[in-house]
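Colleague:
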Amino acid sequence: MSAANDTKFQPAVFLLTGIPGLEVVHVWIFIPFCLMYLISILGNSFILFIIKTDPTLHEPMYIFLSMLAITDLGLSLSTLPTTLGIYSFHSREISHDACFAQLFFIHSLTLIQSSVLLSMAFDRFVAICNPLRYASILTAPTISKMGLVCLLRAVTLIVPLPILLKYHRYCKDSILSHSYCLHQEVMTMACSDFRVNIIYGFFITVSTRWLDVLLILLSYVMILKSVLSITSHAARLKALNTCVSHICVVLVFYIPEIALAVIYRFVKNTSPIFSIVLGNVYMLVPPLMNPIVYSVKTQAIRVRIIRVFVK
């Protein structure tokens, strides 16, 4: 009898969702999604190739950029199978274990990306506010340790999420509203009490995302204060110009994430299509835009890319 009840409350799979009401044109939606993934993967791979093969780019700023490109690649690859599977083959089913693994990689990689953006803000702070000590502060061993801390921070904090989810029972009709798995949505599919997940998820958000945003803002306040003390107008613009790419990437990363978090926690009557589109923007746009932003706004990267194609 107990086994029968477990079967009743334990569906073997979750059901992912494309864009409701547009199922008949999913094959056409597949084309732009496929192009976005292709551009994202090729763009970030090309950034990594340029930085690796050019010794003049083996500097702290570009090493952090390569870390960002690696996380972008991982994020694209972690959502690509389920997203393209829905829009090309109408394959909606995902097993619990596969879903938990996917959300682990998604949340870990986004947390690593947040940490790398904070490290890049620190890089800009040292370069502008303390340029004479830049080379002695951001040495290769220091950068390696910062990268390791970013990785360990993410893995340590995110590992409990799939473990907590695995101990829940899940009701019938566990239909997720995105084409990939997110912890904040999967936990609501549980029949059992998931308050621990809510509390731990909130703890992660406050201790990582909110803290990272606060520290990035603080670093730019100090950067702005230092820049305003420069007497030369041309020197001010030159100093600020080195931050433009990073500011654009920060905005592209945090704005969709904050908007999606607000919708999940505070907006109850929003259109499902709006939240689905915003969720796709959150997953697809940062990995797509980051290499484009740095290729356009960073002269050293732009010059190397032009040289590759001119040859």
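Each residue of the sequence shown is one higher than the last, beginning at 104 in the working numbering. Think of the CB as a built atom: it goes at the ideal place given N, C-alpha and C, for glycine as much as any other residue.
Compute the beta-carbon to beta-carbon distance between Ile246 and Pro163, rounded to the nearest angstrom, for a pair I have assumed lies under 8 Å.
Modeller: Right, the Cβ-Cβ distance comes to about 6 Å (below 8 Å), so this counts as a contact.
Colleague: Based on the DSSP secondary-structure assignment, which residues constitute the bridge partners of Glu196?
Modeller: Paired residue(s): Leu118.
Colleague: Output the boundary residues of the alpha helix (DSSP H) element that contains Met292.
Modeller: From DSSP, Met292 is part of no alpha helix (DSSP H); its letter is neither H nor E.
Colleague: So, helix, strand or coil for Tyr283, using DSSP?
Modeller: Coil at Tyr283, not helix or strand.
Colleague: For Ile278, which three-state DSSP category applies?
Modeller: If DSSP states are grouped into helix, strand and coil, Ile278 belongs with the strands.
Colleague: Based on the DSSP output, what are the partners of Tyr273 in its beta bridges?
Modeller: Looking at the DSSP assignment, Tyr273 forms a beta bridge with Ala293.
Colleague: For Leu317 and Ile379, I'd like the C-alpha separation in whole angstroms.
Modeller: Whole-angstrom Cα-Cα distance: 28 Å.
Colleague: Is Asn147 closer than 7 Å to Ala115 when the C-beta atoms are compared?
Modeller: Against a cut-off of 7 Å, the Cβ pair of Asn147 and Ala115 comes out as no contact.
Colleague: For a quick check, are the C-beta atoms of Val399 and Val352 less than 7 Å apart?
Modeller: Not in contact: Val399 and Val352 (Cβ atoms no closer than 7 Å).
Colleague: Could you pull out every unbroken alpha helix (DSSP H) segment of at least 4 residues lying fully inside the region 138-212, listed in chain order?
Modeller: Correct list: 163-192.
Colleague: List the whole-angstrom C-beta distance separating Ser295 from Arg272, where the pair is believed to meet the contact cut-off of C-beta under 8 Å.
Modeller: Confirmed, Cβ separation roughly 5 Å.
Colleague: Does the beta-carbon distance from Phe228 to Ile326 come in below 7 Å?
Modeller: The answer is yes: Cβ separation under 7 Å.
Colleague: Between which two residues does the alpha helix (DSSP H) harbouring Thr311 extend?
Modeller: Where Thr311 is concerned, there is no enclosing alpha helix (DSSP H), given that its DSSP letter is neither H nor E.
Colleague: Could you give the C-beta distance for Val355 and Met392, rounded to a whole number, given that I count them as a contact under 8 Å?
Modeller: Rounded, the Cβ-Cβ distance is 5 Å, consistent with contact.
Colleague: Mind checking whether Cys284 and Leu212 have CB atoms under 7 Å apart?
Modeller: Their beta carbons are not under 7 Å apart, which means Cys284 does not touch Leu212 by this criterion.
Colleague: Taking one C-beta from the region 173-191 and one from the region 306-314 each time, how about it: are there three or more such pairs within less than 8 Å?
Modeller: No contact exists between the region 173-191 and the region 306-314.
Colleague: Got a sec, what are the start and stop residues for the alpha helix (DSSP H) Tyr262 sits in?
Modeller: Reading off the sequence, residue 262 comes out as Val, not Tyr. No alpha helix (DSSP H) contains Val262, which DSSP labels as neither H nor E.
Colleague: If you reduce the DSSP assignment to three classes, tell me which class Pro234 lands in.
Modeller: Residue state, collapsed to three classes: helix.
Colleague: Quick check: Ala230 and Tyr237, are their CB atoms within less than 7 Å of each other?
Modeller: Contact: yes.
Colleague: May I ask which residues mark the beginning and end of the alpha helix (DSSP H) holding Val411?
Modeller: Counting along the chain, the alpha helix (DSSP H) containing Val411 begins and ends at Gln402 to Val413.
Colleague: Hey, how far is the Cα of Ile301 from the Cα of Thr291?
Modeller: Looking at the two C-alpha atoms, the distance is approximately 10 Å.
Colleague: Can you tell me whether Gly124 is buried or exposed? The criterion is at least 16 other CB atoms within 10 Å of its CB, across all chains shown.
Modeller: By the 10 Å Cβ count, Gly124 comes out exposed.
Colleague: Quick one: what's got a C-beta closer than 6 Å to Ser191's C-beta in the same chain, skipping five residues either side?
Modeller: Phe133.
Colleague: Among the residues of its own chain, which have a CB less than 6 Å from the CB of Cys202, if the five just before and after it don't count?
Modeller: Closer than 6 Å at Cβ, skipping near neighbours: Phe117 and Cys284.
Colleague: What's the call for Leu166, buried or exposed, on a 16-neighbour Cβ count within 10 Å?
Modeller: Position check: residue 166 holds Ile in this sequence, whereas Leu was assumed. With 16 or more other Cβ atoms within 10 Å, it is buried.
Colleague: Would you tell me roughly how many angstroms separate the C-alpha atoms of Met104 and Tyr270, rounded to the nearest one?
Modeller: Low per-residue confidence applies at Met104: pLDDT is 42, beneath 50, and the placement is therefore not dependable enough to give any value.
Colleague: Would you mind reading off the limits of the alpha helix (DSSP H) that contains Ile333?
Modeller: It is not in any alpha helix (DSSP H) - Ile333 carries neither H nor E in the DSSP assignment.
Colleague: Check Pro394 in the structure and name its three-state DSSP category.
Modeller: Residue state, collapsed to three classes: helix.
Colleague: Under a Cβ-count criterion, where at least 16 other Cβ atoms within 10 Å of its own Cβ denotes burial, should Asp175 be classed as buried or exposed?
Modeller: By the 10 Å Cβ count, Asp175 comes out buried.
Colleague: Should Ser217 go down as buried or exposed, given a rule of 16 or more other Cβ atoms within 10 Å for buried?
Modeller: By the neighbour-count rule (16 or more Cβ atoms within 10 Å), Ser217 is buried.
Colleague: In this structure, does DSSP put Tyr125 in helix, strand or coil?
Modeller: Here the sequence assigns Leu to residue 125, which means Tyr is not the residue at that position. Coil, per DSSP.
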